[in-house]
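Quick note, the sequences are listed as chains W and X, same order. For the record, in the first sequence the residue sitting at position 111 is 113 according to my numbering, with numbers rising by one throughout. For the record, in the second sequence the residue sitting at position 265 is 267 according to my numbering, with numbers rising by one throughout.
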Amino acid sequence: MDVHLDQLTMQFNDTTAVDSITTTIKDGELVSLLGPSGCGKSTTLMLLSGLYKPTAGDIYFGDEKVTTMDAEKRGIGMVFQNYALYPHLSVLKNIMFPLKMQKVPKKEAIQQVMEMAKLVQIDHLLDRKPAQLSGGQQQRVAIARALVKKPKLLLLDEPLSNLDARLRLEMREEIRRIQQEVGITAVFVTHDQEEALSISDRVMLMNNGVLQQENAPQQMYRKPENIFAASFLGNPPINFLTLHKTENNTYVIQGSSQTLELPSMKWQTHEAFQMGLRPEDLYTVPEEEGLFSGEIIHMETIGRDTLIRLQLGDVTVRALVDPKSRLRVGDRCSLAIEPQEVHYFDPKTGERLRGGNDNDAQANLEKHA
Amino acid sequence: MMLKPTWKSTLKALLYLLPALLILVTFNIYPIVKSFLMSFYTNYDFFKNIINERGFSNFIELFQDPNFIQALQNTVIFVIGVVPISIILSLAIAILLNSKIKFSGLFRTIYFLPFVTSVVAVAIVWSWIFHSDYGLLNYFLGWFGVDPIDWLTDPTFAMPALIILSIWKGLGFNIIIFLAGLQSVNEQYYLAAKVDGASAWHRFKSVTLPLLSPTMFFVSIISIINAFKVFDEIFALFNGKPGPANSALTVVYYVYQKFYEEWEFGLASAAAFVLFIIVFLFTIIQLIIGRKFVHYQ
Numbered sequence: 003m004d005v006h007l008d009q010l011t012m013q014f015n016d017t018t019a020v021d022s023i024t025t026t027i028k029d030g031e032l033v034s035l036l037g038p039s040g041c042g043k044s045t046t047l048m049l050l051s052g053l054y055k056p057t058a059g060d061i062y063f064g065d066e067k068v069t070t071m072d073a074e075k076r077g078i079g080m081v082f083q084n085y086a087l088y089p090h091l092s093v094l095k096n097i098m099f100p101l102k103m104q105k106v107p108k109k110e111a112i113q114q115v116m117e118m119a120k121l122v123q124i125d126h127l128l129d130r131k132p133a134q135l136s137g138g139q140q141q142r143v144a145i146a147r148a149l150v151k152k153p154k155l156l157l158l159d160e161p162l163s164n165l166d167a168r169l170r171l172e173m174r175e176e177i178r179r180i181q182q183e184v185g186i187t188a189v190f191v192t193h194d195q196e197e198a199l200s201i202s203d204r205v206m207l208m209n210n211g212v213l214q215q216e217n218a219p220q221q222m223y224r225k226p227e228n229i230f231a232a233s234f235l236g237n238p239p240i241n242f243l244t245l246h247k248t249e250n251n252t253y254v255i256q257g258s259s260q261t262l263e264l265p266s267m268k269w270q271t272h273e274a275f276q277m278g279l280r281p282e283d284l285y286t287v288p289e290e291e292g293l294f295s296g297e298i299i300h301m302e303t304i305g306r307d308t309l310i311r312l313q314l315g316d317v318t319v320r321a322l323v324d325p326k327s328r329l330r331v332g333d334r335c336s337l338a339i340e341p342q343e344v345h346y347f348d349p350k351t352g353e354r355l356r357g358g359n360d361n362d363a364q365a366n367l368e369k370h371a
Numbered sequence: 003m004m005l006k007p008t009w010k011s012t013l014k015a016l017l018y019l020l021p022a023l024l025i026l027v028t029f030n031i032y033p034i035v036k037s038f039l040m041s042f043y044t045n046y047d048f049f050k051n052i053i054n055e056r057g058f059s060n061f062i063e064l065f066q067d068p069n070f071i072q073a074l075q076n077t078v079i080f081v082i083g084v085v086p087i088s089i090i091l092s093l094a095i096a097i098l099l100n101s102k103i104k105f106s107g108l109f110r111t112i113y114f115l116p117f118v119t120s121v122v123a124v125a126i127v128w129s130w131i132f133h134s135d136y137g138l139l140n141y142f143l144g145w146f147g148v149d150p151i152d153w154l155t156d157p158t159f160a161m162p163a164l165i166i167l168s169i170w171k172g173l174g175f176n177i178i179i180f181l182a183g184l185q186s187v188n189e190q191y192y193l194a195a196k197v198d199g200a201s202a203w204h205r206f207k208s209v210t211l212p213l214l215s216p217t218m219f220f221v222s223i224i225s226i227i228n229a230f231k232v233f234d235e236i237f238a239l240f241n242g243k244p245g246p247a248n249s250a251l252t253v254v255y256y257v258y259q260k261f262y263e264e265w266e267f268g269l270a271s272a273a274a275f276v277l278f279i280i281v282f283l284f285t286i287i288q289l290i291i292g293r294k295f296v297h298y299q
């Protein structure tokens, strides 16, 4: 079942939490709603669930318009951030609850619960109360409860945020596995880019209630549509340098006296623009070949990566460098980048002007996490 | 950090407990023990405080006294009449007050007022409401074609009048407790239940009631104990009489009559002791039932 949002808008008093979003979630797809807290991603999910009703716009499940339909009738499954398992019911009864509401005969219901419990691998815990389960187990119960009534749409509201780092990795793979095994359409809300980019077929990036960009994860990373998308994705974050045109048609880095010249900048007619440089795309070079140079003010090695911070006048630039390079804090260092890896943005509108690389080189998302 | 109790720490704790303990022992513990002992005084000279004889004859006499049997019956009727209705009504009002309505603070205050108002004042107002000729209640019932009822002077209607007054009086306290209980139920469970397809009634039955069960348990125990102890309302509503023809005579009222009016200290103590046993048994039963149905989170 395709889910279609048409100009969906939600207003709370004076604030617009969701601002005319139009998109289609295809059947069987796992879509992430990604964005910083307060960007409207959870509100969008609540609108999909029917727990909130939009102030404008429509929601379609397949051909059916469900905008005003109550949550009870939408037939969706939902996993809440803190799981919301009924504390007084055993795991079995928790999972069976939606079936009980549908008046499924008890024998049949228990059988379906058993099937679901096996799928999420908690069939040995059915007699326990939620309080006797670990976070990961509660999570699995919540997923089983959401899936047991065979919903057409599964909604997950930050389902991994209450788990510790290792379990989070495991559960996110589990969610992906279960989703693909059942073949259900799923919408997954998260503020964690790593989570979103790793398990989803498509990422919808939101900010201030507005849909910023929707793409396949890698595509979004390689070709951010605007400054927000570029800055939100990537860890360590992308570097921005603001460039101004000088009299003799070269560009100077704002906050420093260094001028900068790139062949790909020939097309530039703008008086000023913003350049985005991913830390992993920068590399150290001898002084004369460098794009710019500065003093290393900070250095840290975590696992296999070495992150340096370079001071260029008033601005700092982060770069991931070869751990074998014998750099030290206080050294002067020059950095370069392949021209096609540079992202150009209009500083006024924040929109992408040009640049970014489409080819699917492995992005550096998890490297520094 | 838990330390092992030592003599020094125990003595120190006792020192802090002493002021409250002194008052409790003097005015609660001592009278309880004394009245228990007194229930066995069968021949007692209270002018000289000489006990000539002890025995069980007070209890035998008690159960042969038709007034006491009447008092027991009335008390049970009162408890059955007041407690369930009071709990259902106050839960319903608490749920309404807990929903998003305007002026909910004002409404909460209004519903709590009867609880903080003096029983005597409340009873005087209600004795006017119940007045057979000028009372509001009869006026209201008149709209539905009901003939005026002698609420306070007809033995058939004295108990219902007392029950109505007591329900109204106790509502505020129960509502406040239920409201506190309702507010401790996480909103997420209702959202989850909605998504799971539960109708409003099922959400109440499957989420509200079980999660409210500790509150329900507390309220029902307190209500039953309070209802068994009823006295002030009767005294105030019927002008210091146990209703027309003893129709509102309860166990505590019986104790009061025997003790203060007839100076039958032994008999009064025995009656008080019987009431204690009844309340005690009820509480035990509730605890046993509670263990099965109350879900502590």
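All residues carry an ideal CB built from backbone N, CA and C; glycine is no exception. Since the structure is predicted, the reported quantities are computational estimates derived from the model, not experimental observations.
(message) Taking a contact to mean a Cβ-Cβ separation below 8 angstroms, would you say Glu297/W touches Gly332/W in this structure?
(response) Yes, the pair counts as a contact, with Cβ atoms nearer than the cut-off.
(request) Express the C-alpha separation of Ser200/W and Ala365/W in angstroms, rounding to a whole number. (result) Confidence is the limiting factor: at Ala365/W the pLDDT is only 41, short of 50, which leaves the residue's position unreliable, though a coordinate-based value still follows. The straight-line gap from Cα to Cα measures roughly 11 angstroms.
(message) Residues of chain W with CB closer than 7 angstroms to the CB of Gln190/X, please, in chain order.
(response) Residues of chain W passing the Cβ test: Phe82, Asn84, Ala86.
(message) Please report the straight-line C-alpha distance between Leu367/W and Leu162/W, rounded to a whole angstrom.
(response) Unreliable placement is indicated for Leu367/W, whose pLDDT of 41 sits below 50; no coordinate value is reported for it.
(message) Here's the rule I'm using: 16 or more other beta-carbon atoms within 10 Å means buried, otherwise exposed. How should Ala200/X be labelled?
(response) Buried.
(message) For Ala274/W, list the residues DSSP reports as bridge partners.
(response) Beta-bridge analysis with DSSP links Ala274/W to His246/W.
(message) My assumption, with CB atoms under 8 angstroms, is that Ala274/W sits in contact with Pro226/W. Please give the rounded CB distance.
(response) Contact doesn't hold; Cβ gap of about 19 angstroms is too wide.
(request) Find out if the Cβ-Cβ distance for the pair Tyr113/X, Ile95/X is shorter than 8 angstroms. (result) For Tyr113/X and Ile95/X, yes; Cβs fall inside 8 angstroms.
(request) Go ahead and pull the three-state DSSP assignment for Asn1/X. (result) Examination of residue 1/X is not possible in this model, given that chain X is present from 3 through 299 alone.
(request) Give the interface partners of Gly199/X over in chain W, defined as CB-CB distance under 8 angstroms, in chain order. (result) Chain W residues near Gly199/X: Glu74, Lys75, Gly77, Pro100, Met103, Gln104, Lys151.
(message) For a test of the three-state rule: what should DSSP assign to Ala15/X, helix, strand or coil?
(response) Annotated three-state conformation of Ala15/X is helix, per DSSP.
(request) Determine the direct distance from the alpha carbon of Pro153/W to that of Glu117/W, and round the result to whole angstroms. (result) So the two alpha carbons sit approximately 15 angstroms from each other.
(request) Tell me whether Ser2/X is buried or exposed, calling it buried when 16 or more other Cβ atoms sit within 10 Å of its Cβ. (result) Missing from the structure shown is residue 2/X; chain X here goes from 3 to 299 and no further.
(request) Note down, in chain order, each residue of its chain lying with its Cβ closer than 7 angstroms to the Cβ of Thr25/W, except the 5 sequence neighbours on either side. (result) Answer for Thr25/W: Leu7, Met206, Leu213, Glu216, listed in chain order.
(request) Work out the CA separation of Lys36/X and Phe282/X for me, nearest whole Å. (result) The straight-line gap from Cα to Cα measures roughly 18 angstroms.
(request) For Leu26/X, count neighbouring C-beta atoms within 10 Å of its own C-beta (all shown protein chains included) and say buried if the count is 16 or more, exposed if not. (result) With fewer than 16 other Cβ atoms within 10 Å, it is exposed.
(message) Looking at chain W, is there any beta carbon in it that lies within less than 8 angstroms of the beta carbon of His133/X?
(response) Chain W, which has no Cβ nearer than 8 angstroms to the Cβ of His133/X, makes this no.
(message) Taking DSSP's pairing of strands, which residues face Leu32/W in a bridge?
(response) Paired residue(s): Ala188/W.
(message) If we require 4 or more residues per run, which alpha helix (DSSP H) segments fall completely within the segment 91-143 of chain W?
(response) Every alpha helix (DSSP H) of 4 residues or more that sits fully in the segment 91-143 of chain W is shown, in chain order, as 93-103, 108-121.
(request) Go ahead and pull the three-state DSSP assignment for Thr101/X. (result) Here residue 101/X is Ser; the residue named in the question, Thr, does not match the sequence. Three-state DSSP puts Ser101/X in coil, outside helix and strand.
(message) Cβ closer than 9 angstroms: which chain X residues qualify as neighbours of Ser136/W?
(response) In chain X, no part has a C-beta under 9 angstroms from the C-beta of Ser136/W; the shortest such distance is about 17 angstroms.
(request) Rank Ile291/X, Val127/X, Tyr262/X by C-alpha distance to the C-alpha of Phe219/X and give the top, closest one. (result) Closest by alpha carbon: Ile291/X.
(message) Quick check: the Cα distance between Glu264/X and Leu99/X, rounded to an integer number of angstroms?
(response) Taking the straight line joining both Cα atoms gives about 48 angstroms.
(message) With a threshold of 8 angstroms between beta carbons, is Thr17/W in contact with chain X?
(response) Answer no: the Cβ-Cβ gap between Thr17/W and chain X never drops below 8 angstroms.
(message) Would you say Ser163/W lies against chain X (beta-carbon separation less than 8 angstroms)?
(response) At a cut-off of 8 angstroms between beta carbons, Ser163/W makes no contact with chain X.
(message) Do Glu340/W and Asp283/W count as a contact pair if the criterion is CB distance below 8 angstroms?
(response) With respect to Glu340/W, Asp283/W sits close: the two C-beta atoms are nearer than 8 angstroms.
(request) Reducing DSSP to helix, strand and coil, say where Ser129/X ends up. (result) Residue state, collapsed to three classes: helix.
(message) Taking only three categories from DSSP, how would you classify Asp16/W?
(response) When secondary structure is reduced to three states using DSSP, Asp16/W falls in the coil class, being assigned neither helix nor strand.
(message) Can you tell me whether Thr217/X is buried or exposed? The criterion is at least 16 other CB atoms within 10 Å of its CB, across all chains shown.
(response) Around the beta carbon of Thr217/X, a 10 Å sphere encloses 16 or more other beta carbons of the protein chains shown; the residue is thus reported as buried.
(request) Use the C-beta contact count for Trp145/X: other C-beta atoms within 10 angstroms, 16 or more gives buried, fewer gives exposed. (result) Answer is exposed; the Cβ neighbour count stays below 16.
(request) Would you list, in chain order, the members of the segment 43-55 of chain W that have their beta-carbon closer than 9 angstroms to a beta-carbon of chain X? (result) Per Cβ criterion, the list reads Met48, Ser51, Gly52, Leu53.
(request) Out of Gly236/W, Met173/W, Ile310/W, state which residue places its alpha-carbon closest to the alpha-carbon of Gly137/W. (result) If we check each option's Cα against that of Gly137/W, Met173/W comes out closest.
(message) Is there a C-beta anywhere in chain W that falls below 8 angstroms from the one on Pro17/X?
(response) The displayed chain sequence assigns Leu, not Pro, to residue 17/X. Closer than 8 angstroms: no.
(message) What does the alpha-carbon distance come out to for the pair Leu312/W and Thr210/X?
(response) Looking at the two C-alpha atoms, the distance is approximately 59 angstroms.
(message) Do Asp203/W and Leu32/W count as a contact pair if the criterion is CB distance below 8 angstroms?
(response) Against a cut-off of 8 angstroms, the Cβ pair of Asp203/W and Leu32/W comes out as a contact.
(message) Could you check whether the Cβ of Pro38/W sits closer than 8 angstroms to any Cβ belonging to chain A?
(response) Of the chains in the structure shown, none is chain A; the protein chains are W and X.
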